[in-house]
Amino acid sequence: MPTAPINLHAPYKERIHDALHNKNLKTVLNRTVGRMSASRVAAMGAVDGEQLRRQVRQMKEYVLRNLPDLLEQFEANVEANGGRVHWAQDAAAANQILLDLARRHAVQKIVKSKSMVTEEIRLNDALEGAGVKVVETDLGEYIIQLAGEPPSHIVAPAAHKRIEDIAAIMQEKLDMPPTLDAEVMCSAARASLRREFLSADMGVSGCNFAIAETGTVCIATNEGNGRMVASLPRVYVAVMGIEKLVPTVEDAFLQLQALSRSSTGQQFTVYLSMTSGPRQPQDVDGPEEFHVVLLDNGRSEMLARGYGEALMCIRCGACLNVCPVYREIGGHAYGSTYSGPIGSVISPMLAIEASEAEKLPHASSLCGACRDACPVMIDLPRLLLDLRSHYVQQGVPPWFERQAMQGFLKVMQSRKLYETGGKMGSLGSNLLASFNGGAITFMPPPFSAWTKTRHFPPLARKSFRELWAERMERRKSISGPTSDAKRKPGEG
Amino acid sequence: MRPTKQFATPPRRVALFVTCLVDMLYPEVGLAAAELLERHGVEVVFPYEQTCCGQPAFNAGFRDEARALARRYLDVFEPFVQQGMVDAIVAPSGSCTAMVTHFYSVLFEDPSMAADQQRAEALAAVTFELTEFLVDVLGVTATGARLEGKITYHASCHLLREMGIDRQPRTLLANVEGAELVDLAGHDECCGFGGLFSIKNPEISTAMGRRKCLNLEQSGADAVAVCDVSCLTHINGLLSKQAQRIRAVHIAEILNSQVDVAETPAEPQRDEAASSTSKPPAEGGQPRRWQDVR
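Chains as they are written, first to last, in the working numbering: chain C, 1 to 492; chain S, 1001 to 1294.
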């Protein structure tokens, strides 16, 4: 069985196949995803989880309705505090802003706190391409940076790695002595990261939420690396999607509550770093300059196209942890920065690199577990259905599928065709099944996709409607015409 | 929860929305459902014009096609309800019921289709899944079924998460005489069918299904009760391919198994476990069950 990392740029089918046949991935996913899911259930159950979900939902709905005003309010407050706000239409613009800042401050090294939005815009590639060294400081993110891989989970970037894999990477890249002791491994990473923190010129983070009324960027971490990134280097830049705003300080703590409980099952994350501006004269530490990059990258178009609900996402990863598809294939098989149900919704709409993203809305059985787990009650199945419909309108499904659907419609619209089709299907399928002990074990493509791993039953020799008509006939002969016979409209 | 009609007097007549899969693949499920209803004093009418509710088209994103079938469904069932021929519509399927009660409103949400939306809402209020109808509307808690062995229950996704129905089938199963209801790990996890998902993503679908089969095997049950023949087809397709002993059985067949029809209480009784064998008096002393006549 292969154990190599999934190639994100491989064709969809190949990625899925590789992921499903990766034994190490299977082992680690079963453990990680199950544990995170159980913690969420416990943590949301410890409080009135439903009430919390309703409140966060209400708040996020308010934010979306008032987004332009809140963004302006946020910008004004950041600038009043001495920070700078930059607006970026897309990934290229955002990366350019960061590059310009790095050049202006003669930055050689950047330390980063874990951030999905900078993964989305491939910031590290852009910076490294310009000769700036970038160091990820979240432990999980650091591990996958050393391994040269993208994150496979919104909150647990190294969710696809076993401890043995991690040890091997650290032995190779950090000269760590051979060990599987997690504490020793953490210490090795800590020692190496400490040197990076102290020599970095610029700190870059994402943003879990930003408070409009105070102009404050908040990052929630469990390792304290976020605080180091935001306070040690000379310059601190936070990159955030435009949807990350909350109106008030109270709302920030409401969202932190929902985020912590839904992602890791904590009451609160260990650290919450709030940055409202650069170092003031009376401050003993803090960055000399504070910048916020507000990124659109397809978000306002999502809102305009009626998919605004997906912008309420607080990136807790709860939908990934309960998704039966994610649990089988992990994050990389989605081929996008964002995986799981929310990834299947936003990847095709954000302006991000994602190969065959139009297939993602179909990578779901629409079981609805994600919607029940989502702290913002985002109706993810509904959004997936809407996207599927959008692609049909665009003519994306293959010719065969469109023809089959027309045929299906024609048959189902006519009782006569439906009954005749059923009769013929019954004869054919029973003949097919008669060769194989009563089950259909082979069908031609595309239905071979079913029979490769599953049997299919033949159609009944007599349909329900036939048996029902016979039953009614018998009843008539027993006790005269029944009301049913009189009542059925027309024939039967 | 959706607004359903509250019946002042117990419904006496229902239209059976048998669903196309039951009609063509599992007629015995439809007959078991009809008998269950009849034994609880409800007359069953079968509108022969019915075909498919449109769910496969809707889930694949073909909304126009789904709308055409949704309108057809309304055309077929509406007269029965409007003219008072039936009090309700009952289907032995969670996902097909959810299509009518939850997703027709999506199909007709455009304000230009307000008339269709109204019709859909009116029908949705009287459309019920079989176990929902038995427990919530008729007040039945036991059907008088007997079954020796261990059974477990797989909650199908649309029934559980769209319709919010879980207690009802479990109550009925718990009261099957002779049967031991055992726990199923991951009882609320998808079996991996998902309609066209099983063809479009066969490998993921199979992996999900195999996980379900493993849990079924470990539950020690002889049979798993399901409320949807779509899950049943997927689970049994995998189990059969793997030559496993356990099988999925539709709940209607379990609830209708070995029911003693010789007892004929004068009046159909409700709300009592012991009275669940109630049925209208046998006609002319002739055998009444279709199995007996054949």
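The beta-carbon is built from N, C-alpha and C at its ideal position, and this holds for glycine as well.
Everything numeric in this text was worked out from a predicted model, so none of it was measured.
Asked	Found
Reduced DSSP category for S:R1013 - H, G, I as helix; E, B as strand; rest coil	strand
Within 7 Å of chain S by C-beta, residues of the stretch 315–347 of chain C in sequence order	P324, V325, E328 and I329
Short-range partners of chain C found in the stretch 1158–1180 of chain S, where Cβ spacing is below 7 Å	R1161 and E1162
Inter-residue Cα distance where the pair is C:I16 and C:G340	13 Å
Among C:L431, C:P278 and C:S263, nearest to C:G82 - alpha-carbon criterion	C:P278
Among S:M1113, S:P1011, S:E1038 and S:T1127, nearest to S:A1068 - alpha-carbon criterion	S:M1113
Strand pairing of C:T503, partner residues [DSSP]	Residue 503 of chain C cannot be examined here, being either before or after the span of chain C that is shown, 1 to 492.
Coil, strand or helix - S:E1162 by DSSP	helix
Own chain residues within Cβ distance below 8 Å of S:L1232, not counting five before or after	Y1026, V1226, A1248, V1249 and H1250
Bounding residues of the alpha helix (DSSP H) (the contiguous stretch that carries C:M240)	That residue, C:M240, is in no alpha helix (DSSP H); its beta strand (DSSP E) goes V235 to G241.
C:R475, buried or exposed, once every other Cβ within 10 Å from all chains shown has been counted against 16	buried
Which of helix, strand or coil DSSP assigns to C:F197	helix
Cβ-based contacts, 9 Å cut-off: residues of the stretch 1021–1033 of chain S near chain C	V1022, D1023, M1024, L1025, Y1026, P1027, E1028, V1029, G1030 and L1031
N- and C-terminal bounds of the beta strand (DSSP E) containing S:T1127	T1127 to E1129
Contact check, C:C367 vs S:C1190, beta carbons under 8 Å	yes
Proximity test, Cβ basis, 8 Å: C:F435 and chain B	In summary, chain B is missing from the structure at hand, where the protein chains are C and S.
Contact set between the stretch 133–153 of chain C and chain S, restricted to residues whose Cβ is under 8 Å from the partner	none
Unbroken beta strand (DSSP E) run spanning S:S1257, endpoints	No beta strand (DSSP E) contains S:S1257, which DSSP labels as neither H nor E.
Alpha-carbon to alpha-carbon, C:L385 and S:T1019	22 Å
Short CB-CB distance (under 8 Å) between C:M36 and chain S	no
Neighbourhood of S:L1159 by C-beta, 6 Å cutoff - its chain only, sequence neighbours within 5 removed	G1094, I1165 and C1227
Contacts of C:Y391 in chain S (Cβ-Cβ under 8 Å)	G1061
Any C-beta of chain S under 8 Å from that of C:S39	no
C-alpha gap between C:E213 and C:K60, whole angstroms	15 Å
Residues that DSSP places opposite S:V1044 in a beta bridge	S:V1014
Segment contact flag, the stretch 1011–1018 of chain S with the stretch 1072–1091 of chain S, C-beta cutoff 8 Å, min 3 pairs	yes
Short Cβ contact (8 Å threshold) for C:Y142 with C:N222	no
Start-to-end residues for the alpha helix (DSSP H) that takes in C:H17	Y12 to L20
Rounded Cβ spacing between C:S39 and C:T264 (contact assumed at less than 8 Å)	6 Å
Residues that DSSP places opposite S:R1247 in a beta bridge	S:A1223
Below-8 Å beta-carbon distance, C:L459 vs any chain S residue	yes
Beta-carbon proximity of C:E119 to C:P151, cut-off 8 Å	yes
Residue from C:V111, C:I440 and C:S260 with nearest C-alpha to C:V235	C:V111
Contiguous beta strand (DSSP E) assignments of at least 3 residues, all confined to the stretch 413–448 of chain C	none
Contact between the stretch 363–380 of chain C and the stretch 319–335 of chain C (3+ Cβ pairs under 8 Å)	yes
Residues in the stretch 12–23 of chain C having any Cβ partner in chain S nearer than 8 Å	I16, H17 and L20
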